[in-house]
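Q:
In our numbering, the protein residues as written are 241 to 663.
#1: Pull up the distance between the alpha-carbon of residue 445 and that of residue 439, whole angstroms please.
#2: Mind checking residue 340: buried by the 16 CB within 10 Å criterion, or exposed?
#3: Fully enclosed by the stretch 439–485, which alpha helix (DSSP H) runs are 4 residues long or longer?
#4: Taking DSSP as the reference, what is the three-state secondary structure of residue 401?
#5: On the DSSP bridge assignment, give the partners of residue 370 in chain order.
#6: Please state whether the Cβ-Cβ distance between residue 330 and residue 344 is less than 8 angstroms.
#7: In whole angstroms, what separates the C-alpha of residue 569 from that of residue 598?
#8: Give a yes or no on whether the C-beta atoms belonging to residue 468 and residue 434 are separated by under 8 angstroms.
#9: Between which two residues does the beta strand (DSSP E) harbouring residue 334 extend?
#10: Could you compute how far the alpha carbon of residue 527 sits from the alpha carbon of residue 516?
#11: DSSP puts residue 591 in a beta bridge; with which residues?
#12: Does any residue of chain C bring its CB to less than 8 angstroms from the CB of residue 474?
#13: As a quick exercise: from 348, 509, 531, 476, pick the residue whose alpha carbon is nearest that of residue 549.
#14: Can the beta-carbon of residue 443 be found less than 8 angstroms from the beta-carbon of residue 458?
#15: Can you check which of these residues, 394, 401, 390, is closest to residue 408 by C-alpha distance?
#16: Measuring CA to CA, which of 386, 590, 347, 612 is closest to residue 674?
#17: Using the three-state DSSP reduction, which class does residue 512 fall into: helix, strand or coil?
#18: How is residue 330 classed by DSSP in three states: helix, strand or coil?
#19: Would residue 337 be called buried (16 or more neighbouring beta carbons within 10 Å of its own) or exposed?
#20: Grouping DSSP H, G and I as helix and E and B as strand, with all else coil, what is residue 381?
#21: Is it buried or exposed for residue 417, if we count other Cβ within 10 angstroms and need 16 for buried?
#22: Starting from residue 342, follow its DSSP beta bridges and name the residues at the other end.
#23: Which stretch, first to last residue, makes up the alpha helix (DSSP H) that contains residue 208?
#24: Helix, strand or coil: how does DSSP classify residue 522 here?
#25: Could you tell me the boundaries of the alpha helix (DSSP H) in which residue 583 lies?
#26: Sort out for me which residues DSSP pairs residue 376 with in a bridge.
#27: What does a CB cutoff of less than 8 angstroms around residue 285 pick up in its chain, not counting 5 residues either side in sequence?
#28: Please report the distance separating the alpha-carbon of residue 398 from that of residue 332.
#29: If you draw a straight line from the alpha carbon of residue 288 to that of residue 313, how long is it in whole angstroms?
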């Protein structure tokens, strides 16, 4: 019985082996068919001998290539890919002797500064075949200036005007902002680089940030690339601006690195509010703007600040002031654990309103109502108490001074005693 079973197993094995051989043969045939029908690679029919990119920042970018092809080339297109932007396709001008060029107008279609730009060429051959070149890359640096460098891990500071003391002040502010933000996030420091570019005027900076379309911006952080650009003109308030802007932008990058892909769920009001709280120096104009908006009933509902801030400069300034005040209120009432709970909630990928409910146990509308009551009503009542207290203190001091002078003038109290007798 055992022998019969073994013979049966051997027969099954041979049958399985024959089936396996057929399958392998079929796969080989299909593989040949696939190889025959696949597009011909650039290395087989078209060889890119050389290619280069030359540009003047914010103006023109010229792409050039030279190539050889076994088959005549009918047309070439250039495909450009930049972070956060749709792909761009342009027709390359073909010149004799296997050369081509294309001029991209960055003045019309701005590219993100300091980002890695990818590009490739696609050839259409006379026989209709499409051939793609390898993908190439270049970093779109602002080459209008001669940049100087100061390194203080993990920061790399670049500037083109001013003394090294400017870069050192920026480095000091960046390190302070980093320490404060990491304390909030309860994260140890790491050496992931953060690059900071210092512009000496807002005009120079605006051409760099043309792609975001916000002319009022004087500082910007690109968290994904760990890059910061700030305008720090030489002025009396430059040290204060350094202490305000640099820690603010550093906080954005560290929040992004902490949350990763879930950073997109962090509401704009919380993102900007936390960054404002990390500042060493905060704009005193915030209080004035808030008071005016409250009196004119022009405060922006917080729910409207979940996705993004208004593009208008004045409304954006109000949005920053509200976010700063709201996050300060949260920190004062709930402490650092309250802010940490909010960050953790949004790190789970919840909505703007759900995050507040998860972390603080109240609705976003209730949070806004509590903040408004504390900031504008109780705040004014406290101001009134402070004024009355000051007046009372002045009266007490005046009365005390009067009594002191009277006693000093008549230490024996005779004059007072005589007056009492007359009464």
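Yeah, the Cβ is synthetic: ideal placement off N, Cα and C, and Gly gets one too.
A: Taking the geometry as given:
#1: 6 angstroms
#2: buried
#3: 442–448
#4: coil
#5: 364
#6: yes
#7: 18 angstroms
#8: yes
#9: 333–335
#10: 14 angstroms
#11: Residue 591 is not bridged to any residue.
#12: Considering every chain present, this structure includes no chain C. It has just one protein chain.
#13: 509
#14: no
#15: 390
#16: This structure cannot settle anything about residue 674, because the visible part of the chain is limited to 241 through 663.
#17: helix
#18: strand
#19: exposed
#20: coil
#21: buried
#22: 303
#23: Residue 208 falls outside the range modelled here, since the chain spans only 241 to 663, and no answer is possible.
#24: coil
#25: 553–586
#26: 359
#27: 309, 310, 311, 365, 369, 371
#28: 35 angstroms
#29: 13 angstroms
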